[in-house]
Amino acid sequence: MEKKIGIYICDGCDINEAINTEKLEKSVRNLPVKRHNALCSPEGVELIKNDMKTDGINTIVIAACSPRVKYDVFDFPGSIVERVNIRELVAWTLDPKDELTQAAAEDYLKMGITKVQKSDLPEPWVQETVKTILVIGGGVTGLTAALEAAKAGYKVYLVEKESELGGYARKLYKQVTRTYPYKLSEPVVGDLIKEVESHPNIQVFKPARVAKTDGQPGMWDVTIEMNGKSEVLRIGAIVLAAGWKPYDATKLGHLGYGKYKDVVTNIEFEEMAKKGRLLRPSDGKEIKSVAFIQCAGSRDPNHLPYCSAYCCSSSLKQAKYVRELSEDGIAFIIYKDIRTPGQYEFFYKEIQNDPGIMLTKGEVTGVMEENGKLYVEADSTFFMGEKIKVEADLVVLAVGMVPATKEPQEYLDGLTKAAAQGDEAKKAYLESTPKPEFILNLNYRQGPEIPPFAEKNTYGFADSNFICFQYETRRTGIYAAGCIRQPMTIAEAQDDAAGAALKAIQAAEHVAKGIAVHPRAWDMTYPDPLLLRCTACKRCTEECPFGAIDEDEKGIPYYKPNRCRRCATCLGACPERIVSFKDYSVDMISSMIKSIDVPEDGLMLLAFVCENDAYPALDTAGINRLKLPPNIRIIPLRCLGSMNLVWVADALSRGIDGALLFGCKFGEDYQCHFIKGSELANYRLGKVQETLSRLQLESERVKMVQLAINDYPRLPEIINEFVEKINELGPNPYKGF
Amino acid sequence: MAQIIKPDLNFVKEVIKSGGQDLKKCYQCSTCTVVCNVTQDKKPFPRKEMLYAQWGLKDKLFSSPDIWLCHQCSDCTAYCPRGAKPGEVLGAIRRLAIKEHSWPGFLGGLVNSPLYLILLLAVPVIILLIGANGNPLNPDSIPRGEDGSIVYAKFMPVNTVIDPIFIAAAAFAVISFVIGIKKYWNTLKSGGYEPKSASLSSTFISTLKEILLHKQFSKCNVTKTRTYAHLLTFYAFVGLAITTTWAVIYLYGWELLGIQPFSVFHFGESPYPMTDPLKIFANISALALITGITLVVLFRLINSPKAGIGSYFDWLLITVIYIIAATGILSEVLRLLNVASLAYPVYFIHLTFVFFLFAYAPFSKMAHMVYRTVAMVFARHNGIVSKELITERQAS
């Protein structure tokens with residue numbers, strides 16, 4: 012496409028109060044520039060459209076508000092559009108009518124023009140894809156996800172490893188409700204099973220397993236094994252709903268499990284209640300009193316360190332079984348805390364109101380049999396903090412949830428550790444450790460299963476972007492839902508299933524059009540490396556957080572573009588700088604840096620800013636009219652993971668005095684939209700040290716800041732502090748060279 | 005050693021039935037204890053009472069005088085985040101404590117249930133009808149005074165009807181109370197307290213002082229006004245007790261001691277003129293009673309959104325007192341106006357309810373007077389005192 016550039020400057024929203032837009036207009040040479048007092052008005056948009064029609068303008072630079080607003084107004088399909096943010100970043104945050112403010116506006120406009128000069132119109136990577144959804148797991152979550160997708164008109168395959176659908180919910184006698192009047196209800200799972208089994212869009216495989224998952228979103232080839240036969244199905248996207256197992260109660264000997272027949276788990280109690288009469292396992296006599304021990308193994312560093320979220324409401328429900336199934340029966344609940352968030356609080360109140368349900372806080376110190384009677388002893392109770400003992404015909408242990416992903420993860424972790432010690436240790440491990448059932452059997456260089464949620468504190472739950480995008484895993488097109496992701500109740504699992512099903516549909520639809528999925532769900536570009544110059548260093552394949560890049564036998568990388576999230580981490584990683592997107596490349600950012608007018612006798616700083624959280628924070632600072640220093644230029648990046656070190660070198664060698672890097676929080680509660688980006692940037696920053704010393708510069712000239720979107724009030728302080736630091740260091744010695 | 009806790013489900017149900025219907029809503033946050041002004045410093049009151057009641061631990065509740073610490077100010081009820089209404093629950097527990105210890109037990113059951121109200125009223129109605137000189141609904145059948153005026157003593161002769169009936173009723177109440185007190189004292193002793201104070205009489209006197217001044221009661225915040233209403237009603241009853249004694253002296257002092265009427269004092273049979281000091285004192289007491297009980301009702305209604313409306317047990321006593329006060333005053337007025345057709349029925353109702361109050365006092369809320377006093381004496385005798393009393397003592 013031959014680019015014909017048109018530049019449009021907006022005077023509205025106080026822009027021309029702060030900036031001399033006439034002067035700004037004149038600063039542009041050899042390109043057509045127009046000004047308007049409200050570009051976003053119908054007249055303003057008409058002005059641009061008219062130029063497109065009459066003058067053939069197809070590359071539009073709009074110097075106005077942030078690109079995060081009015082994107083629907085400034086939408087010109089088939090054209091390159093660049094939004095230069097002189098409102099939030101300049102007019103609203105810098106001193107009005109100041110020389111430095113004017114200089115900032117002129118720099119941003121120049122950078123914008125450079126950017127379009129280095130950009131091309133994206134062409135999507137379109138392949139023949141399918142939109143079939145595969146749901147793994149036939150519990151409440153899987154059933155609901157299958158139905159949601161099927162009802163939306165998508166073909167669904169549901170794989171269940173048992174011979175019956177329903178998962179643990181099928182064992183339930185009654186279900187907790189979170190709606191008025193908060194009574195026990197019939198389990199939803201029965202209706203779900205019927206609906207799934209009769210739905211024309213759903214095909215159920217049971218008992219079956221996924222033997223292999225190969226390919227990429229829209230083009231997965233999934234091998235399903237059933238009745239000894241295997242079948243390869245083409246799949247668009249996957250919902251992972253493999254569910255959970257109750258915590259192994261045989262590890263709870265201190266609570267009498269295994270020692271006394273009348274100590275059972277909450278799951279076993281459901282099965283007892285389902286028979287319609289409560290009879291003691293030991294002697295078959297009618298049960299008149301039941302003691303429920305909450306957090307049996309949960310919130311205990313020696314067992315499950317976390318809260319499983321369902322046990323409180325479940326035991327409250329089961330206490331009601333005692334009341335309903337045996338006349339004048341009594342239920343004791345001994346708890347650490349009753350946790351019934353949201354609407355479940357009303358259920359708690361409803362149950363609590365039963366005269367025969369007795370609750371106390373307490374640390375259970377033992378379960379014992381004396382004179383043929385079973386007792387539960389608890390300390391630190393409501394009884395003035397004293398130790399009490401209650402007699403019960405039956406003791407129920409409220410055990411927590413262990414995600415189905417845990418065993419494969421632990422096995423694979425062990426394997427990785429053994430492999431690190433050499434081939435022999437690996438071989439010994441493989442021989443000595445029984446291999447658990449895998450769920451996905453992915454053909455991925457990063458391993459066959461979904462990686463754990465948090466690497467340090469691995470509880471075995473499937474990874475998800477926990478803070479912001481719960482269904483997203485590190486495997487594009489595979490969405491975790493239900494108790495595999497976090498412990499939850501049936502109603503929550505159904506909400507989760509609906510969300511994940513919609514994400515799976517979105518993924519299938521987007522890859523069909525060659526558009527990225529979350530979070531760049533509009534992006535049609537894709538990485539296009541200049542492989543001629545590739546040295547097969549494997550850095551891109553190692554660093555890609557999504558396993559989108561594989562290597563051929565010679566070590567040359569090749570992409571599976573539908574796995575790619577377009578974060579451009581590979582672009583940041585590549586020492587040869589050969590990875591480019593149509594509108595994002597190493598050269599483009601370098602050129603933008605070079606277009607900054609660095610004063611010979613004044614301070615100039617640069618900030619590389621993550622587009623996802625830090626840039627919106629800057630916009631918010633603008634909306635709140637916070638004052639920022641004028642001698643800093645902001646360059647938004649797709650992800651801080653895409654930051655190539657050469658840009659820092661470029662900036663410093665140009666005489667820019669220092670650079671700030673704003674990225675998302677990383678670590679256990681990471682907020683990075685691309686999971687690893689900000690962490691990788693931080694890692695690479697360690698290497699900047701090397702670059703700086705080569706240039707004989709202080710390492711403090713480059714600083715990384717983790718910034719959440721709601722941290723915007725801290726921005727003036729952070730930037731001013733950095734300005735002070737750089738002033739202390741003095742000007743960049745390369746200035747003027 | 006861990007204490008074995010054995011819940012009594014029936015007791016939980018009884019508390020719920022007796023006015024503690026929100027009992028189980030309590031989740032032991034202890035807000036009640038924090039806002040309560042009469043709580044002790046050692047054990048969380050009324051949180052522990054709520055817990056014991058939720059678990060049906062009757063013995064723990066009854067063997068401690070603490071349930072009588074509470075004057076149902078309802079500070080706890082107003083601040084309870086769960087709406088468990090500890091004030092109402094404590095009221096229900098006290099009601100059950102009275103029922104448990106009163107003698108004979110079956111009467112406790114009858115007085116506590118609206119089902120038997122008619123039966124309980126029928127007793128005095130029948131007794132009084134037998135004793136009455138004529139039919140209250142037919143004024144012509146009743147002998148008049150010499151000047152044709154209404155003389156109630158001619159309708160219900162004092163010596164032969166009123167005195168035997170009411171002395172018998174009072175005697176029954178006293179005997180019943182004595183037995184009740186004994187039973188209750190033994191229950192309290194089973195709580196394992198060690199007497200600390202030597203003399204029962206001195207603790208009794210200090211308790212009496214407390215009752216006369218309503219010191220603990222006046223610590224209420226949410227329903228502060230109730231204290232004044234109760235105080236007025238209480239002193240009205242004291243005044244009416246003095247009136248009764250005085251009337252006995254008038255009646256029998258003349259005959260037995262040979263005192264002759266002198267100055268403004270009219271010994272002998274009623275009615276006495278309005279200028280007689282006895283009459284003046286009696287009328288003031290009656291007015292105090294009607295005012296006091298009106299305020300009780302009024303404040304209960306005003307406070308009900310915060311403090312709860314109360315139980316049948318509460319309202320039975322209030323209604324009885326109200327009827328006694330109203331019919332008492334009305335009897336006098338109707339007599340003076342000589343409206344015979346109304347005067348006799350109203351007087352009859354008055355006597356019926358006075359009987360009701362006296363005879364059933366050991367089983368009705370009236371018994372709180374006795375049981376609370378017993379508990380207060382016991383508490384003082386065993387050195388269980390409120391936080392503020394300790395501070396006061398230390399200060400002196």
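These protein sequences, in sequence, are chains W and Z.
Numbering of the first sequence is given in the numbering used here, commencing with residue 12 and proceeding in unit increments.
Numbering of the second sequence is given in the numbering used here, commencing with residue 5 and proceeding in unit increments.
The beta carbon of each residue, even a glycine, is placed where N, CA and C say it ideally should be.
Have a look at the options and flag the residue whose alpha-carbon is nearest the alpha-carbon of residue i.
i, options, result
"GLN214 of chain W", "W:LEU263, W:LEU145, W:LEU672 and W:LYS272", "W:LEU145"
"TYR490 of chain W", "W:ILE249, W:SER710 and W:ALA430", "W:ILE249"
"SER205 of chain Z", "Z:HIS385, Z:ALA240 and Z:SER345", "Z:HIS385"
"THR229 of chain Z", "Z:ASN307, Z:PHE271, Z:ALA175 and Z:GLY243", "Z:ASN307"
"ASP424 of chain W", "W:GLY149, W:ALA409 and W:LEU441", "W:LEU441"
"LEU637 of chain W", "W:PRO724, W:GLN700, W:PRO627 and W:LEU616", "W:PRO724"
"ILE362 of chain W", "Z:VAL19, Z:CYS30 and Z:GLY24", "Z:CYS30"
"TRP255 of chain W", "W:ALA307, W:LEU263 and W:GLY178", "W:GLY178"
"ILE26 of chain W", "W:LYS272, W:GLY153, W:ASN41 and W:VAL95", "W:VAL95"
"ASN14 of chain Z", "Z:MET54, Z:VAL39, Z:ALA6 and Z:TRP59", "Z:TRP59"
"ILE526 of chain W", "W:GLY229, W:GLU728 and W:LEU616", "W:GLY229"
Closest Cβ-Cβ distance between residue i and chain W: below 8 Å?
i, result
"ALA96 of chain Z", "no"
"LEU121 of chain Z", "no"
"ALA175 of chain Z", "no"
"GLN58 of chain Z", "yes"
"LEU401 of chain Z", "No statement about residue 401 of chain Z is possible, as the shown extent of chain Z runs from 5 to 400 and does not include it."
"LYS391 of chain Z", "Summary for LYS391 of chain Z: the model assigns pLDDT 47, below 50, so the residue's position carries little reliability; its value from the coordinates is reported in the next sentence. So, not an interface residue."
"PRO199 of chain Z", "no"
"GLN44 of chain Z", "no"
"LYS62 of chain Z", "no"
"PRO85 of chain Z", "no"
"ILE9 of chain Z", "yes"
"ALA329 of chain Z", "no"
Compare the C-beta of residue i against all C-beta atoms of chain Z and say whether one is closer than 8 Å.
i, result
"ILE341 of chain W", "yes"
"TYR82 of chain W", "no"
"PHE280 of chain W", "no"
"PHE357 of chain W", "no"
"PHE87 of chain W", "no"
Take residue i and list the residues in its own chain whose beta-carbon comes closer than 7 Å to its own, dropping the five residues that flank it on each side.
i, result
"GLY458 of chain W", "LEU423"
"TYR193 of chain W", "PHE357, PHE358 and GLU361"
"SER400 of chain Z", "For SER400 of chain Z, the predicted structure reports a pLDDT of 47, less than 50, and the residue's modelled location is therefore unreliable. The matter cannot be settled from this model."
If you drop the 5 nearest sequence neighbours on each side, which residues of the same chain put their C-beta closer than 6 Å to that of residue i?
i, result
"LEU726 of chain W", "ALA632"
"ALA660 of chain W", "THR702"
"ASP1 of chain Z", "Because chain Z here runs from 5 to 400, residue 1 of chain Z falls outside it and cannot be looked at."
"HIS270 of chain Z", "TYR276 and ASP280"
"GLU709 of chain W", "LEU740"
"VAL141 of chain W", "ARG245 and GLY247"
"ASP225 of chain W", "ASP232 and ASN454"
Excluding the five sequence neighbours on either side, which residues of its own chain have a C-beta within less than 8 Å of the C-beta of residue i, listed in chain order?
i, result
"PRO108 of chain Z", "SER180"
Inset, instruction - Can you give me, in chain order, the residues of the region 396-413 of chain W that have a beta carbon less than 9 Å from any beta carbon in chain Z? - result: When C-beta distances to chain Z are compared with 9 Å, the residues of the region 396-413 of chain W below that value are GLU397, LYS398, ILE399, LYS400, VAL401 and GLU402, in chain order.
Legend entry - Completely contained beta strand (DSSP E) runs for the region 214-247 of chain Z, where each covers 3 or more residues: none
Inset, instruction - Only counting runs of 3 or more residues, tell me where the beta strand (DSSP E) segments fall wholly within the region 459-530 of chain W, in order along the chain. - result: 489-491
Inset, instruction - Could you run through the region 359-390 of chain W and flag, in chain order, every residue whose CB is less than 9 Å away from some CB of chain Z? - result: TYR359, LYS360, GLN363, ASN364, ASP365, PRO366, GLY367, ILE368, MET369, LEU370, THR371, LYS372, THR376, TYR386, GLU388, ALA389 and ASP390
Inset, instruction - List in chain order: all unbroken beta strand (DSSP E) runs of 3+ residues lying wholly within the region 167-245 of chain W. - result: 167-170, 213-216, 219-225 and 231-237
Inset, instruction - Taking only runs that begin and end inside the region 297-321 of chain W, name each unbroken beta strand (DSSP E) of 3 or more residues, in chain order. - result: 300-307
Inset, instruction - Output, in sequence order along the chain, the residues in the region 16-28 of chain Z whose CB is closer than 7 Å to any CB in chain W. - result: VAL16, LYS17, ILE20 and LYS28
Legend entry - chain W contacts from the region 220-250 of chain Z (Cβ-Cβ distance under 8 Å): none
Inset, instruction - Identify every run of the beta strand (DSSP E) within the region 360-409 of chain W, keeping only runs that are complete inside it and at least 3 residues long; order them along the chain. - result: 368-372, 374-381, 384-390 and 399-402
Inset, instruction - Determine which residues of the region 284-308 of chain W have a Cβ less than 9 Å from any Cβ of chain Z, and write them out in chain order. - result: SER300
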